[in-house]
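Everything on this sheet refers to the single structure shown next.
4 protein chains.
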Amino acid sequence: MFINLDFESKEPIYVQLIHQIIEGIAKGKIQPGEALPSVRSLAADIGINLHTVNKAYQHLKQEGFILIHRQKGVVVNPEGVPEADDAYRDQLKSKLHPLIAESICRKVSEQEFSELCSQLFTEFNEGKGGK
Amino acid sequence: MFINLDFESKEPIYVQLIHQIIEGIAKGKIQPGEALPSVRSLAADIGINLHTVNKAYQHLKQEGFILIHRQKGVVVNPEGVPEADDAYRDQLKSKLHPLIAESICRKVSEQEFSELCSQLFTEFNEGKGGK
Amino acid sequence: MFINLDFESKEPIYVQLIHQIIEGIAKGKIQPGEALPSVRSLAADIGINLHTVNKAYQHLKQEGFILIHRQKGVVVNPEGVPEADDAYRDQLKSKLHPLIAESICRKVSEQEFSELCSQLFTEFNEGKGGK
Amino acid sequence: MFINLDFESKEPIYVQLIHQIIEGIAKGKIQPGEALPSVRSLAADIGINLHTVNKAYQHLKQEGFILIHRQKGVVVNPEGVPEADDAYRDQLKSKLHPLIAESICRKVSEQEFSELCSQLFTEFNEGKGGK
DNA sequence: GTGGTCTAGACCACG
DNA sequence: GTGGTCTAGACCACT
Chain A
1 MFINLDFESK
11 EPIYVQLIHQ
21 IIEGIAKGKI
31 QPGEALPSVR
41 SLAADIGINL
51 HTVNKAYQHL
61 KQEGFILIHR
71 QKGVVVNPEG
81 VPEADDAYRD
91 QLKSKLHPLI
101 AESICRKVSE
111 QEFSELCSQL
121 FTEFNEGKGG
131 K
Chain B
1 MFINLDFESK
11 EPIYVQLIHQ
21 IIEGIAKGKI
31 QPGEALPSVR
41 SLAADIGINL
51 HTVNKAYQHL
61 KQEGFILIHR
71 QKGVVVNPEG
81 VPEADDAYRD
91 QLKSKLHPLI
101 AESICRKVSE
111 QEFSELCSQL
121 FTEFNEGKGG
131 K
Chain C
1 MFINLDFESK
11 EPIYVQLIHQ
21 IIEGIAKGKI
31 QPGEALPSVR
41 SLAADIGINL
51 HTVNKAYQHL
61 KQEGFILIHR
71 QKGVVVNPEG
81 VPEADDAYRD
91 QLKSKLHPLI
101 AESICRKVSE
111 QEFSELCSQL
121 FTEFNEGKGG
131 K
Chain D
1 MFINLDFESK
11 EPIYVQLIHQ
21 IIEGIAKGKI
31 QPGEALPSVR
41 SLAADIGINL
51 HTVNKAYQHL
61 KQEGFILIHR
71 QKGVVVNPEG
81 VPEADDAYRD
91 QLKSKLHPLI
101 AESICRKVSE
111 QEFSELCSQL
121 FTEFNEGKGG
131 K
């Protein structure tokens with residue numbers, strides 16, 4: 001797997017896991033319909049507890065990223081992730097808010113900020129082309 | 001004060017405080033050199049614990065946003081906030097990373113994302129003009 | 001067959017099967033005395049495990065909905081389903097209890113609730129008239 | 001507390017807990033804004049694990065029944081429970097569906113069913129008057 | 001003292 | 001073998 005965790009980070013492990021999997025989907029490393037490792041095997045792979053993996057999976061399921069079949073295991077939502085709605089946009093805005101506030105204080109220009117975003121977007125889409 | 005806390009939020013109160021003060025600086029509501037309320041009075045104003053305010057102030061001092069004089073009290077750093085360095089840019093990038101990943105999954109175009117950022121930047125700068 | 005399963009559902013497949021067959025009987029799509037597919041053929045039809053179908057059939061037999069003859073196969077109870085007794089009424093009540101509690105919390109009026117039930121009753125009986 | 005669990009039941013404990021709390025709200029035993037016991041104390045009271053209580057609380061929080069303050073503890077949503085929307089009505093319908101199907105098979109008349117519901121509604125509302 | 005997180009180990013239902 | 005549930009015990013962040 002492509003999972004890469006930082007056990008020293010303040011960010012909870014299950015949150016990191018969520019982000020890593022979302023990034024995997026964003027980059028096309030895992031395609032809709034594709035299977036994810038079982039809770040147990042992923043936990044063993046990464047060397048963490050199965051409950052931690054489960055917590056991440058449950059969250060991703062609730063957000064519509066994945067489906068959890070009781071017996072068959074876990075797959076990326078074959079219909080794709082639910083598109084952005086107003087609730088998501090509000091949430092995104094409120095997460096960007098403090099980042100932009102601090103950037104302004106630190107004299108990061110809007111242009112530089114925009115370029116940084118652009119760079120990240122490109123990074124994801126390149127991964128998509130190749131895989 | 002312009003502090004606006006959400007006690008239901010998952011975000012710790014001291015973090016919200018930090019963000020609110022940084023936003024106040026970004027919008028020019030509080031200028032470099034200007035004084036901030038003392039730990040005690042701010043805590044009393046908002047109705048939260050002394051320690052919580054103190055924790056926020058300590059963090060802001062650490063980051064160079066404010067100075068804490070034992071007698072004179074708290075002031076916004078008169079020399080302005082330290083400009084962005086590579087460490088800050090890395091940190092900013094790592095915070096944007098998961099946001100952009102999810103946006104891509106949810107079919108938010110780079111353009112829409114960029115416009116959202118632009119909108120937030122404008123919002124801050126308008127506050128600056130008027131105060 | 002008229003069986004319609006949701007493999008993504010949290011509801012176990014054998015439970016869904018039970019419900020579907022009961023609904024078939026309620027709507028008159030399958031009449032008392034009528035034969036049901038064998039365990040093997042139904043399993044093959046739907047593409048699920050033998051054991052799963054068997055579990056559903058055993059449950060239905062236990063409840064008096066169907067009879068399972070070793071040779072003749074499976075038939076809907078020709079004498080009709082056992083009528084409601086106190087045990088059944090208690091069970092029904094305990095299943096309705098949490099539904100009604102939540103409905104009250106969510107400001108669903110007794111009238112609206114009643115109309116919803118009425119609508120479902122009608123739905124079943126219409127199926128009965130036509131078949 | 002008014003919590004009453006059946007440890008022999010097939011129903012998971014955390015689900016029973018959810019139902020009991022919702023019923024408490026429906027009956028007005030716990031009012032909007034009122035505090036619920038802490039995860040630990042409730043777990044100790046009932047004699048179950050704190051994680052089980054937490055799971056129930058998390059679910060209730062997600063459904064809008066309660067608010068969880070990080071430090072202050074748990075309170076019933078002071079703004080009341082979110083009113084029924086179409087999603088809830090669909091869900092309610094799909095839960096009533098199998099109940100009504102079986103009732104029809106067992107020759108429970110629509111009237112009898114309706115009276116049973118009415119009786120349950122009354123039961124809840126009486127609790128409300130008195131408390 | 002509160003909830004949040006993580007670990008560990010166990011049993012069960014399902015298919 | 002899969003996820004679901006429950007228990008138990010530990011540490012941490014927050015206030």
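Each protein sequence line maps, in turn, to chains A, B, C and D. UniProt numbering puts the first sequence at residues 1 to 131. UniProt numbering puts the second sequence at residues 1 to 131. UniProt numbering puts the third sequence at residues 1 to 131. UniProt numbering puts the fourth sequence at residues 1 to 131. Cβ atoms here follow ideal geometry from the backbone N, Cα and C, with glycine treated the same way.
Mapping the DSSP letters down to three states, classify residue i as helix, strand or coil.
i	result
D:L120	helix
C:L67	strand
A:D81	Asp is not the amino acid found at residue 81 of chain A; the sequence shown has Val there. Three-state result, A:V81: coil.
D:L42	helix
C:V108	coil
C:G24	helix
C:L36	strand
D:K131	A caution first: D:K131 carries a pLDDT of 43, below 50, which makes its placement in the model unreliable, though a value can still be read off. D:K131 falls in the coil class under three-state DSSP.
Residues of chain B with CB closer than 8 Å to the CB of residue i, please, in chain order.
i	result
A:Y14	Within chain B, no residue comes near A:Y14; the closest Cβ sits about 13 Å away, beyond 8 Å.
Name the chain B residues whose beta carbon is nearer than 9 Å to that of residue i?
i	result
A:H19	H97, P98, A101, E102
A:K93	L116, Q119, L120
Who are the neighbours of residue i on chain A, taking C-beta pairs under 8 Å?
i	result
C:E8	L67, H69
B:I22	P98, A101, E102, C105
Using 10 angstroms around the beta-carbon of residue i, count the other beta-carbons present and answer buried if the total reaches 16, otherwise exposed.
i	result
D:L120	buried
C:H19	buried
A:E102	buried
A:K131	Because the pLDDT at A:K131 is just 44, under 50, the model does not fix this residue reliably, and the value given afterwards should be weighed accordingly. Result: exposed.
D:F7	exposed
B:K27	buried
D:T122	exposed
C:L50	exposed
C:F2	exposed
C:A56	buried
To the nearest angstrom, how far is it from the Cα of residue i to the Cα of residue j?
i	j	result
C:P78	C:H69	13 Å
A:F65	B:I13	30 Å
A:E115	A:K72	43 Å
B:Q62	B:V76	12 Å
A:P32	A:V74	11 Å
B:I25	A:I22	34 Å
A:L67	C:L5	16 Å
A:E126	B:Q91	22 Å
A:I46	D:S9	36 Å
C:R89	C:Q111	22 Å
B:R40	B:Q58	14 Å
B:E11	D:I30	27 Å
D:S38	D:F113	39 Å
State yes or no: is the C-beta of residue i within less than 8 Å of the C-beta of residue j?
i	j	result
C:A84	D:K107	yes
A:C105	B:C117	no
B:L17	A:L96	no
C:L42	C:V53	yes
Going along chain C in order, which residues have a C-beta closer than 7 Å to the C-beta of residue i?
i	result
residue 154 of chain D	A query on residue 154 of chain D cannot be resolved here, the shown segment of chain D reaching from 1 to 131 and no further.
D:Y88	R106
Would you mind telling me which residues of chain A sit closer than 7 Å to residue i, beta carbon to beta carbon, in chain order?
i	result
B:D25	Before going on, a small fix: residue 25 of chain B reads as Ile here, not Asp. Residues of chain A passing the Cβ test: C105.
B:V81	C105, R106
B:F2	Near B:F2 there are no residues of chain A at all, since even the closest Cβ is about 13 Å away, more than 7 Å.
Going along chain C in order, which residues have a C-beta closer than 8 Å to the C-beta of residue i?
i	result
D:S114	S114, C117, S118
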